[in-house]
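For the sequence shown, the positions run 442 to 834 when our numbering is used.
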Amino acid sequence: MDYRVDQKGFYGQFGGAYIPEMLYPNVRELEERYLGLIESEAFRDEFTSLLKDYAGRPSPLYLASRLSEHYGTNIYLKREDLNHTGSHKINNTIGQIIMARHLGKKRIIAETGAGQHGVATATVCALYGLECVVYMGALDVSRQAPNVKKMKMLGAKVVPVHSGNKTLKDATNEAIRDWINKPVNTYYIIGSVVGPHPYPDMVTRFQSVISKEMRTQLAEKTGRETPDYIIACVGGGSNAAGAYYHYLDDKSVRLVSAEAAGLGVESGSTAATLILGTPGIIHGSKTLLMQDRDGQIQEPYSISAGLDYPGVGPLHAWLARSGRAEVLTATDEEALRAALLLTRKEGIIPALESAHALAVLEKLSFKKDEVVVVNLSGRGDKDMETYIAYLDI
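Here it is, written out as structure tokens:
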């Protein structure tokens, strides 16, 4: 079975490009040119150089000895939290800002939920001196205030979105409207493996540096390139796509996608799209999404601003429906407990998104000699107010 995108932009039954007529020239230009640009020597040299000297790659693969002892196995953390800007998001924004410059675009727009993609986009725009506009749900603006300040300090214009649930879906809607109104000189840096083809594949390719490094690092540390498990949180799913990419065809590696259950999968306040979702179209892509019988999108909920998206990347929809990836969920409470456990065991404060991946360790049974990699997609600086309230300190 093929887990990579086909020539029409589909992963199995999911994917494609369902877009307004005004955006066809932009998306078609990107579709026709992205592979050639990514594979060109000039692009690769610039991308690789910035990942190394600017973002700080390779990110470490860390054997969490006390956490390993707690779970009775060998747990390695892929430390994406140590990248410049504090998450995996910088991998993709570096790739896309180079892409935008090759296409001659001078104005950059982006959407953000937890704010990490917004900060990463504002960062690369500052690096290259390009105009930057970031759309962010008004609820997320309030609960991710430190990242909003960072974006503004970097020179970006942050536009609060007050429609809908005032979260990531609504920010994405506004970014797409902006792109429709100003298609000629604007490049949309999508932050996850969502949206119309070729974005899911392009973002996955930029994030695949995670699993590429992982193979080399595991060989050095364990004598083999393949772990027994790779666990990553999935909202849109870019960190998970990057962590899985070089292992997609190796069935000996169990891929575990951790979704946000919110207050519980059946509570009505959840973001467990892979569990509850049905096929539909959102933001230019056919995928699984949370919707009612009439096709109206149902608002998701998660304590994590980066996971409360009603859809999911088409790659993850296909991995789940085909059985290649195992889907587990973590509630708000379980994620908070997992974050505290990592903090107390290893001295690492994770992002709330990453805490969901850590939380599903409780729901798996490991053998003593197995190798488990958890993609620690971001650090917890942005979530300190939530942690402080939870810990009552």
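Cβ coordinates follow ideal geometry from the N, Cα and C atoms, glycine included.
Opposing strand residues paired with residue i [DSSP bridges]
{"i": "S726", "result": "I723"}
{"i": "S698", "result": "A673 and V768"}
{"i": "I738", "result": "Q732"}
{"i": "N515", "result": "V812"}
{"i": "L576", "result": "Sequence inspection shows Tyr at residue 576; the Leu mentioned does not correspond to that position. The partner list for Y576 (beta bridge, DSSP) reads E552 and V600."}
{"i": "R469", "result": "None, per the DSSP bridge assignment."}
{"i": "S509", "result": "None, per the DSSP bridge assignment."}
{"i": "R820", "result": "P791"}
{"i": "S528", "result": "G819"}
{"i": "Y452", "result": "F455"}
{"i": "R485", "result": "None, per the DSSP bridge assignment."}
{"i": "G703", "result": "T772"}
{"i": "R520", "result": "L817"}
Proximity of residue i and residue j at Cβ, strictly below 9 angstroms
{"i": "L777", "j": "E700", "result": "no"}
{"i": "P668", "j": "V814", "result": "yes"}
{"i": "K662", "j": "L504", "result": "yes"}
{"i": "G752", "j": "G709", "result": "no"}
Delimiting residues of the alpha helix (DSSP H) encompassing residue i
{"i": "Y688", "result": "Per DSSP, Y688 belongs to no alpha helix (DSSP H) and is neither H nor E."}
{"i": "M731", "result": "Run containing M731: none; DSSP gives neither H nor E here."}
{"i": "P751", "result": "Looking at the DSSP string, P751 is not in any alpha helix (DSSP H), and its letter there is neither H nor E."}
{"i": "Y459", "result": "Element bounds for Y459: n/a, residue is neither H nor E."}
{"i": "I829", "result": "M825 to L832"}
{"i": "A561", "result": "Q557 to Y569"}
{"i": "I385", "result": "Shown here, the chain extends from 442 to 834; a query on residue 385 therefore has no answer."}
Limits of the unbroken beta strand (DSSP E) element including residue i
{"i": "I549", "result": "R548 to T553"}
{"i": "I672", "result": "Y670 to C674"}
{"i": "L429", "result": "As shown, the chain starts at 442 and ends at 834. That puts residue 429 outside it, with no answer to give."}
{"i": "L817", "result": "V812 to L817"}
{"i": "P587", "result": "It is not in any beta strand (DSSP E) - P587 instead sits in the alpha helix (DSSP H) that spans A586 to M594."}
Cα-Cα separation between residue i and residue j, rounded to whole angstroms
{"i": "A780", "j": "S763", "result": "31 angstroms"}
{"i": "D443", "j": "Y831", "result": "43 angstroms"}
{"i": "D733", "j": "I630", "result": "29 angstroms"}
{"i": "M540", "j": "E473", "result": "13 angstroms"}
{"i": "L491", "j": "H525", "result": "11 angstroms"}
{"i": "V644", "j": "P755", "result": "12 angstroms"}
{"i": "G676", "j": "A458", "result": "20 angstroms"}
{"i": "R656", "j": "H603", "result": "43 angstroms"}
{"i": "I516", "j": "M463", "result": "48 angstroms"}
{"i": "I531", "j": "L704", "result": "30 angstroms"}
{"i": "N606", "j": "G554", "result": "12 angstroms"}
Test: residue i CB closer than 9 angstroms to a CB of chain D
{"i": "R765", "result": "This model lacks chain D altogether, as it is built from one protein chain only."}
Query - Secondary structure, alpha helix (DSSP H): runs of 4+ residues fully inside the segment 754-802 - result: The qualifying runs are 755-763, 773-787 and 793-800.
Requested in this report: Tell me the start and end of each unbroken beta strand (DSSP E) in the segment 612-674 that is at least 3 residues and wholly inside, in chain order.
Outcome: 627-630 and 670-674
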